[in-house]
Amino acid sequence: MAQNLDNGDKLPNDPILPGNSFRQGCAAKAADPLPASATSGLMGVSLHRRTALIASLAPLLSEVAFARTGTGAHTSASSHLHNTVHAPAIIRGAAPPPPLVMLDPGHGGKDPGAIGYSGTYEKHVSEAAAAELERQLLATGRYRVALTRSSDRFIPLEGRVEMAQAHKASLFISMHADALHDPTVRGASVYTLAGAASDSQTAMIAQSENSADLFGGPHVHATSPEVQQILASLVSEETRRGSTHIANQVVSSFQSRLSLLSHPHRHAAFVVLKAADIPSVLVEMGFMSNRSDEAALRQAGHRAMVAGAMRDAVDRYFATTRLGVG
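Using the UniProt record's numbering, you'd call the opening residue of the sequence shown number 1 and step up by one each time.
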């Protein structure tokens with residue numbers, strides 16, 4: 001059930017609508033054959049004269065064929081020249097497209113994520129916060145943005161990583177608001193990928209997040225801890241440095257605006273962060289198991305502040321990497 005927020009804001013809880021399929025491209029019509037009257041008159045002419053006549057008409061045949069292709073409407077030779085499609089000129093030194101930031105609202109569909117004291121679902125909070133961050137990033141004009149989901153639907157962890165790779169994302173940010181056994185723990189934190197957890201609390205969060213695939217049923221296979229560690233070891237050193245860099249920028253942006261866990265940058269074998277060539281972080285915006293964090297995350301104004309801090313972190317990240325920003 002959707003949760004009512006301040007100022008009439010409502011966390012999304014829309015069912016999945018079937019997508020429309022389309023076929024790209026079209027089949028071109030073959031040119032109509034020349035009418036019989038155009039050739040029957042040649043039958044009574046000698047072979048030598050027919051050959052000479054055909055040779056003299058050859059330059060015009062392409063014009064006739066062009067004029068009768070498609071609709072069959074007649075056009076003049078000059079009209080054909082004006083309608084010729086030319087190959088585009090090569091633009092040298094064109095600027096590359098803006099970097100693409102992939103936002104990943106955690107959980108969704110049959111997987112509600114953590115459930116707060118007042119019944120707030122983590123999946124709704126993460127989706128609403130990601131939509132606000134998308135809006136703020138696009139408003140800068142410096143980025144392209146894609147979301148793993150923009151509605152309440154279930155996506156396996158591997159599927160989220162595959163989306164980022166298919167989009168050739170420059171940065172992957174997974175957004176969450178988890179729960180802990182201790183209701184007094186509150187504050188934001190940021191996580192990067194590693195073969196082993198940095199602490200027992202982080203290990204518990206990683207175990208919870210990695211078990212999300214269990215909601216997908218028997219056809220979705222959760223990755224074992226052993227495989228998770230192997231996957232973590234395959235991530236390139238350059239990607240690790242990028243992940244650490246964006247994590248540090250998020251912590252720096254959060255420090256002046258949000259309460260943070262002690263040692264807010266932590267790491268564990270999160271499956272959703274395993275893209276070998278895309279710097280990736282998982283951001284816990286707070287804990288649904290804490291009354292204060294849950295109440296704050298229900299407010300649109302608070303989520304806008306969180307998104308603003310993350311937008312600033314993304315700005316600083318790209319300003320200090322080789323990609324740059326427009």
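Heads up, the beta-carbon is just placed ideally off N, CA and C, and yes, glycines get one too. Computed from a predicted structure; not experimentally measured.
The three-state reading of DSSP puts ALA304 in helix, counting H, G and I together. For MET288, the secondary structure class from DSSP, reduced to helix, strand or coil, is coil. About 6 Å separates the beta carbons of LEU157 and ASP213, which is inside the 8 Å limit, making them a contact pair.
Its chain contains VAL101, PRO279 as the residues whose beta carbon lies nearer than 6 Å to that of LEU171, once the 5 sequence neighbours on both sides are disregarded; these appear in chain order. In this structure the segment 277 to 293 lies against the segment 117 to 125, because at least three pairs of beta carbons, one per stretch, are closer than 8 Å. For the pair SER208 and ASP315, the Cα-to-Cα distance works out to about 30 Å. Distance check between LYS168 and each of LEU282, PRO99, VAL272, GLU294 places PRO99 closest, using alpha-carbon atoms only. Excluding sequence positions up to five before and after HIS302, its CB lies within less than 8 Å of the CB of ALA296, all in the same chain and listed in chain order. Within 10 angstroms of the beta-carbon of ALA94 lie fewer than 16 other beta-carbons, which makes it exposed. DSSP lists LEU193 as the beta-bridge partner residues of ALA268. The Cβ atoms of TYR143 and ARG291 do not sit closer than 8 Å to each other.
Ranked by how close their Cα comes to the Cα of ALA188, the residues GLN299, LYS274, ALA177, TYR317 have ALA177 in first place. When beta bridges are read from the DSSP output, ALA275 appears opposite no residue. Within the model, the alpha-carbon separation for GLY195 versus ARG92 is close to 44 Å.
In the DSSP assignment, LEU214 falls outside any beta strand (DSSP E), carrying neither H nor E. In this chain, the beta strand (DSSP E) harbouring ARG144 covers 144 to 147. Nearest to MET204 by C-alpha distance, out of MET310, ALA247, HIS267, is HIS267.
Cβ contact annotation for ASP312 (same chain, cutoff 7 Å, sequence separation greater than five): SER253, in chain order. Here DSSP, grouped into helix, strand and coil, assigns PHE154 to coil.
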